[in-house]
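A.B. asks: Residue numbers (the working numbering): 920 to 1272.
Idealized CB from N, CA, C, for every residue including glycine.
Sharing a structure below in structure tokens format, with a few things to ask.
Written out as structure tokens, the structure reads:
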């Protein structure tokens, strides 16, 4: 019995060791998605980036045969699920839904979802004129309401309250509007007061309404005057719900916005998302912070910016299918890269942190 047990252990060890040798010798098929600075092509057309360099550290024996298959994120994840590739490179975050389908390696980068906006230039005449127009439009409903209340109180009071309201048409309506203004603003000089029962009911209702109306009017004017600066004041999800928001399809940001009830438009690629943001089709683009900062620094400096807000913490890792051997190989390489400082060196090389 003991001999059989020893034979079994030896056979298992031989098989496992043989698998490791085969894994080390056989080129590992990997997918890759463009996600600078984690995975992108350099001037020579070669794939470089944080994830690419890290993978080469983990799999040094594969460097000479490194030929990743470029794919969109959704197709890359499907290929891993079908076992067509071992893993994917290029800033792939761990999510609840993905964890149900894949095994993830030890995380190698912590980041979060951020917001990109246009840089608004407010020092030109057109912007000032637009602000004035917005304020005027905001005032029109309130002016009309004052006219209605002023005329109404004049019609009711002009016969009963002759001293204060029984005047010619123009002067009488003016008196009514004056009363409506001072009553709404709670100033109430007392020079004109309704005497009829109906007039006093209107006065009480107008006084209480005035408190609400003044607050609402102040907020409306303030909003109109600061609309062009509102994007600099986005601080939470409630603010984001008021904006035309964009996101890249198949990314973790899509699920995050859906979970928080934020209406959004989707774009096939980050470049198309940035184009829509630049052209004013959307006001905010939600995506991974380091990726947006890198692309903006390279292509949109002075026109777009990333706010100092992180909406949702994320971890990047290598996804794999149910292959414990591949996952163990990746994790061992990752842990060695972390402990030796190689990972930090790679990150500094691309992010200059």
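The alpha helix (DSSP H) with residue 1213 in it runs from where to where?
C.D. replies: Run containing residue 1213: 1208-1218, per the alpha helix (DSSP H) assignment.
A.B. asks: Whose C-beta lies closer than 6 Å to the C-beta of residue 1179 among residues of the same chain, with five residues either side of it excluded?
C.D. replies: 1156, listed in sequence order.
A.B. asks: State yes or no: is the C-beta of residue 1163 within less than 8 Å of the C-beta of residue 1120?
C.D. replies: It is not a contact, given that the beta carbons lie outside the stated cut-off.
A.B. asks: Alpha carbon to alpha carbon, how far is residue 1071 from residue 1090? Give it in angstroms, no decimals.
C.D. replies: Rounded to the nearest angstrom, the two C-alpha atoms are 14 Å apart.
A.B. asks: Are the CB atoms of residue 1125 and residue 1103 within a distance shorter than 8 Å?
C.D. replies: A contact, by the Cβ cut-off of 8 Å.
A.B. asks: Could you pull out every residue in the same chain whose Cβ sits closer than 6 Å to the Cβ of residue 1239, ignoring the five residues on either side in sequence?
C.D. replies: Around residue 1239: 1006, 1022, 1245 and 1246.
A.B. asks: Let me know the secondary structure DSSP gives residue 916 once reduced to three states.
C.D. replies: Residue 916 lies beyond the residue range present for the chain, which begins at 920 and ends at 1272; the question has no answer from this structure.
A.B. asks: Locate the alpha helix (DSSP H) running through residue 1095, then write down its first and last residues.
C.D. replies: It spans 1088-1103 - the alpha helix (DSSP H) in which residue 1095 sits, taken as one unbroken run.
A.B. asks: Would you kindly work out how many angstroms separate the C-alpha atoms of residue 1098 and residue 1111, rounded to a whole number?
C.D. replies: Rounded to the nearest angstrom, the two C-alpha atoms are 6 Å apart.
A.B. asks: Taking the DSSP output, what are the residues bridged to residue 1273?
C.D. replies: With the chain covering 920 to 1272 only, the question about residue 1273 has no answer from this structure.
A.B. asks: Return the first residue and the last residue of the beta strand (DSSP E) that residue 1224 is part of.
C.D. replies: Start and end: 1223-1225.
A.B. asks: For residue 1171, which residues of its own chain have a beta-carbon under 6 Å away from its beta-carbon, when the five flanking residues on both sides are left out?
C.D. replies: Taken in chain order, the residues that qualify are 1012 and 1014.
A.B. asks: Let me make sure I understand the geometry here. Which of 1131, 1075, 1248 and 1236 has the alpha-carbon closest to that of residue 1026?
C.D. replies: The shortest Cα separation from residue 1026 among 1131, 1075, 1248 and 1236 belongs to 1236.
A.B. asks: Beta-carbon within less than 8 Å of residue 1117's beta-carbon, same chain only, minus the 5 sequence neighbours each way: which residues are those?
C.D. replies: Excluding positions up to five away in sequence, the list reads 1075.
A.B. asks: Just how far apart, CA to CA, sit residue 1252 and residue 1261?
C.D. replies: Their Cα atoms are separated by approximately 11 Å.
A.B. asks: Cβ of residue 1270 within 8 Å of Cβ of residue 1187?
C.D. replies: Against a cut-off of 8 Å, the Cβ pair of residue 1187 and residue 1270 comes out as no contact.
A.B. asks: Nearest-angstrom Cα distance between residue 1259 and residue 1250?
C.D. replies: Cα to Cα, residue 1259 sits roughly 14 Å from residue 1250.
A.B. asks: Express the C-alpha separation of residue 1173 and residue 1061 in angstroms, rounding to a whole number.
C.D. replies: Each residue's alpha carbon lies about 41 Å from the other.
A.B. asks: Looking at the strands, I want to know which residues DSSP matches up with residue 1185.
C.D. replies: Residue 1185 is bridged to 1166.
A.B. asks: Determine whether the beta carbon atoms of residue 1035 and residue 1215 lie at a separation below 8 Å.
C.D. replies: Contact flag set, yes.
A.B. asks: What is the rounded straight-line gap between the Cα of residue 998 and the Cα of residue 1057?
C.D. replies: Approximately 55 Å between the Cα atoms of the pair.
A.B. asks: Spatial neighbours of residue 1165 within its chain, please: CB distance less than 8 Å, with the 5 preceding and 5 following residues excluded, ordered by chain position.
C.D. replies: For residue 1165, where only same-chain residues beyond five positions count, the Cβ hits under 8 Å are 1183, 1184, 1185, 1186, 1192, 1195, 1196, 1200, 1201, 1203, 1204 and 1205.
A.B. asks: So residue 1173 is in the beta strand (DSSP E); what residue range does that whole segment cover?
C.D. replies: Careful: residue 1173 lies outside any beta strand (DSSP E), inside the alpha helix (DSSP H) at 1171-1178.
A.B. asks: Measuring straight from C-alpha to C-alpha, what distance separates residue 1231 and residue 1123?
C.D. replies: For residue 1231 and residue 1123, the distance between alpha carbons rounds to 50 Å.
A.B. asks: Taking DSSP as the reference, what is the three-state secondary structure of residue 1245?
C.D. replies: Helix at residue 1245.
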